[in-house]
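Taking it in order: structure first as structure tokens, then the write-up.
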Amino acid sequence: MSRLVLRLNKFNGVIPANIPTGCSNLELLDLSYNELVGSIPKETSFLFKLTFVSLAYNNLVGGISPSLGNITSIEVFSVTGNVLLGGSIPGTLGQWKALKEFYSRDCNLHGTIPQEFGRLTRLSILELGHNTIHGAIPINISGCSNLQTLDLSNNKLVGRIPMEISYLSKLANLGLGDNSLTGGIPSFMGNITSMEKISISRNPLGGSIPETIGHWKNLSLFYSSSCNLSGTIPHSLFNHSLLINLTLDDNQLKGSLPPVMILPNLVFLQLSVNKLTGYLPPSISNCSRLRHLEMAINKFSGKLTINFAKLRDINFITLGVNNFGSSEVDEMKFFDSLENCTQLKLLDLRDCNFQGVIPVSIGNLSNQLQSLYLNDNQLHGKLPESIGSLSGLELLSLGENQFTGNIPSTIGNLRKLKALYLYGNQLSGHIPDVIGNITLLLTLSLFSNKLAGAIPSSLGNCKKLTTLDLYDNKLNGIIPTKLLQLSSLSIDLSLSKNNLFGSLPTEVGDLKTLTSMDLSENNLSGSLPSSLGGCASLLNLSLRSNTFQGVIPSSLSSLKGLLNLDISHNNLSGQIPKFLQDFKLEHLDMSYNDFEGEVPMLGVFSNTSAFSILGNSRLCGGIIELGLPRCKETHKHRHTLNILNVYQEDETAMQNQETHAQIRDKWLASILKIGVSCSMDSPQHRMDMKNVVDELKHILDGVKNI
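Quick note on numbering: our numbering labels position 117 of the sequence shown as 157, and the sequence is numbered without any gaps.
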């Protein structure tokens with residue numbers, strides 16, 4: 041038998057060590073895509089006629105045995121996808137003089153690339169990506185004179201790209217991405233005129249893109265994102281007729297784009313997050329196969345004059361955070377040309393300084409459109425009714441503009457919508473009831489508008505809603521109970537700064553997963569419902585500036601995760617609950633209520649910068665820095681009696697009354713010393729409050745042990 045092909049099955053167990061016994065003439069061994077375990081048997085090295093070995097995509101361990109170097113006839117070897125293989129690449133593999141293809145991607149290999157690989161003159165494909173190989177790229181890699189594909193991506197390689205790599209005259213595919221290479225893109229790389237695909241992304245290379253890469257006439261893919269590159273983009277890059285993907289995002293590239301681009305096969309143009317200036321050349325329209333146009337977060341300016349109608353295959357347009365606003369009446373005219381982009385899924389034009397109105401033609405955009413960002417501009421006028429025709433929309437972001445008028449009722453037609461952002465405008469009128477038709481809605485953000493009327497109960501139909509922000513409007517009426525029954529609300533419920541009135545419904549306790557609730561600056565009244573303690577996931581709770589009254593319910597002791605609590609400016613009364621000092625509060629504001637009695641001293645109450653109790657004239661005690669009057673003597677006496685009441689309960693102890701009296705006098709003396717220390721005029725002579733608490737605990741423990 042010369043061939044054994046068992047690939048694409050579900051074989052498990054180990055590779056039999058006795059394969060060489062009956063298969064001494066084996067030339068091809070393919071066990072790939074199975075569920076084999078264990079190590080590669082050393083006996084495999086006795087199969088001296090093997091030319092093809094594939095053990096890819098199994099669960100092998102134990103590394104690549106050095107003894108395999110004895111099979112000098114091997115031409116193709118693959119262990120790719122054995123993620124637990126481990127070990128280093130043995131130098132003995134340099135004996136594989138006939139080797140043409142070596143695949144060991146994603147094998148958890150470590151160590152360095154063996155110098156012996158420089159002897160493999162017939163090697164055409166070397167794939168070592170997605171491992172933890174370290175060290176420098178060996179300079180004698182130039183010995184692999186037939187190398188066409190070199191993939192060293194996703195490792196821990198350091199140092200510079202060696203000049204010797206430029207001697208690989210047949211190299212077409214080079215992957216060096218996701219390492220720690222430095223020293224820039226060397227100009228000698230342009231000597232590799234056979235280059236077709238190169239990826240060096242996510243290396244701290246620095247430097248600029250050399251003009252010599254214009255020699256890569258067959259270039260189809262160029263990935264160099266997140267490389268700390270500076271300088272300008274060579275204009276020659278925009279004249280490669282075979283170029284499919286040009287990705288240079290997240291660098292510090294500057295300068296302008298050439299007025300003429302000849303890129304008929306370009307599919308991906310990704311230049312976001314740089315410092316590019318000037319206008320976007322209309323010749324981009326000639327890139328008729330373009331699917332991704334990503335130019336966001338640059339310094340482009342000037343009117344958008346791209347004829348998008350020619351880009352029929354476009355999927356993603358991200359031009360946000362630039363300065364395309366022109367103040368011209370027709371600055372949004374380009375929207376008309378987007379009608380032909382029937383495959384458009386994302387349109388991002390946020391923060392571009394647009395100052396016009398949204399044209400009615402927006403309703404003619406592709407029904408494939410899923411995300412539309414026009415936020416943070418200066419757009420004005422009314423929201424067009426036609427926006428309700430964007431039936432595929434999942435995210436609509438129009439916040440921070442100057443829109444006026446009502447929210448169009450056609451918004452209810454956007455049944456796939458998951459996020460709606462209309463915050464920071466001047467929208468008025470009611471929140472339309474039809475918003476309850478958008479049952480997939482996760483986030484609704486309408487804050488900082490002029491919306492009036494009641495909160496629609498139909499929001500109770502939005503069973504997936506996690507965030508509702510209606511802050512800073514003119515809403516009135518009561519809080520709908522259906523809204524508080526949305527158990528899906530888990531991130532934020534903000535109804536603050538409105539004119540809501542009535543009591544807080546007991547249904548608020550149904551919000552068991554909510555992390556932030558802000559009902560401040562309304563006209564809510566009545567007692568705090570005990571059901572509020574059911575909101576056990578709350579991290580932030582603000583009920584500030586209402587007219588709540590009564591005591592804080594003891595059920596709130598279950599809100600142990602609270603970090604921020606603001607109940608200031610209400611009519612709450614009673615004592616400050618002791619359980620608050622056990623919370624991990626970072627900020628507590630109880631000011632301007634009618635609390636009375638002793639202020640706790642532990643937890644948040646031990647730090648005056650973390651809590652406020654101003655405007656509660658009947659409080660006493662607390663830490664010295666508060667400057668409050670001491671609580672009445674009866675309270676202190678009662679506390680002392682509590683420490684010593686153990687004497688009155690133990691008949692057996694009373695038999696040794698004289699001994700107990702001596703011990704009692706000792707502890708009483710200690711208590712008096714603490715009291716004297718706390719009464720000193722000079723702050724530096726007073727005992728630290730932490731020490732006071734520690735001493736009192738020590739005394740109590742001593743009394744209990746009598």
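Glycine included, C-beta positions come from ideal geometry on N, C-alpha and C.
According to DSSP, residue pairing for Tyr-263 in a beta bridge involves Ser-239, Thr-287. A direct Cα-Cα distance of roughly 14 angstroms separates Ser-94 from Ser-79. Contact between the region 409 to 427 and the region 470 to 489 is absent, with fewer than three C-beta pairs closer than 8 angstroms. The beta carbons of Phe-364 and Phe-348 sit about 13 angstroms from each other, so the pair does not count as a contact at 8 angstroms. When rounded, the separation of the alpha-carbon atoms in Leu-48 and Leu-69 is 13 angstroms. Between Asp-391 and Asp-416, the gap from beta carbon to beta carbon is short of 8 angstroms. DSSP places Asp-629 inside the beta strand (DSSP E), whose first and last residues are 627 to 629. In the structure shown, Lys-350 falls within a helical segment according to DSSP collapsed to helix, strand and coil.
In the structure shown, the three-state DSSP call for Glu-665 is helix. When secondary structure is reduced to three states using DSSP, Gly-469 falls in the strand class. Where Phe-375 is concerned, the enclosing alpha helix (DSSP H) starts and stops at 374 to 377.
As the crow flies, the alpha-carbon of Asp-622 is around 22 angstroms from that of Gly-549.
At a cut-off of 3 residues, the continuous stretches assigned as beta strand (DSSP E) that sit fully inside the region 60 to 108 are 68 to 70, 75 to 77, 92 to 94. Of the candidates Asp-218, Lys-237, Asn-243, Asn-243 places its Cα closest to the Cα of Ile-225.
Cα atoms of Gly-493 and Lys-458: separation of roughly 24 angstroms, rounded to the nearest angstrom.
At a Cβ-Cβ threshold of 8 angstroms, Cys-267 and Leu-303 do not count as neighbours. In chain order, Gly-246, Gly-247, Ser-248, Asn-291, Gln-292, Leu-293, Lys-294 place their CB closer than 8 angstroms to the CB of Ser-270, counting only its own chain and leaving out the 5 sequence neighbours on each side.
Minimum Cα-Cα distance from Thr-91 among the listed residues Thr-553, Thr-648, Gln-155, Arg-43 corresponds to Arg-43. In the three-state DSSP reduction, Gln-292 falls in the coil class, being neither helix nor strand.
For Asp-218, the closest of Ser-164, Asn-171, Leu-430, Val-400 by C-alpha to C-alpha distance is Asn-171. Taking a contact as a CB-CB distance under 8 angstroms, the pair Ile-354 and Gln-395 does not count as one, their CB atoms being some 25 angstroms apart. Taken in chain order, the complete beta strand (DSSP E) segments of 3 or more residues contained in the region 598 to 623 are 604 to 606, 611 to 615. Cβ neighbours of Leu-297 within its own chain (closer than 6 angstroms, five residues either side excluded): Pro-321. DSSP links Lys-137 through a beta bridge to no other residue. Burial state of Asp-289 is buried, judged by a 10 Å Cβ sphere holding 16 or more other Cβ atoms. Take Leu-433, set aside five residues on each side of it, and the residues of its chain with a beta-carbon closer than 8 angstroms to its own are Leu-409, Gln-410, Ser-411, Leu-412, Leu-454, Lys-456, Leu-457, in chain order. Counting along the chain, Leu-384 sits inside no beta strand (DSSP E), nor does DSSP assign it H or E at all.
Per DSSP, the unbroken beta strand (DSSP E) holding Lys-514 starts and ends at 514 to 517.
Distance from the CA atom of Glu-547 to the CA atom of Ser-571, rounded to whole angstroms, is 7 angstroms. In summary, Gln-466 is exposed, with fewer than 16 beta-carbon neighbours lying within 10 Å of its beta-carbon over all protein chains present.
Gly-151 has its alpha-carbon roughly 53 angstroms from the corresponding atom of Asn-647.
Cβ neighbours of Ser-239 within its own chain (closer than 6 angstroms, five residues either side excluded): Gly-215, Gly-217, Tyr-263. The continuous alpha helix (DSSP H) containing Lys-522 extends over residues 521 to 524. Here Leu-505 is near Leu-484, since their CB atoms are less than 8 angstroms apart. Cβ neighbours of Asn-213 within its own chain (closer than 6 angstroms, five residues either side excluded): Thr-189, Lys-237. By the C-beta density criterion, Ser-265 is buried, having at least 16 other C-beta atoms within 10 angstroms.
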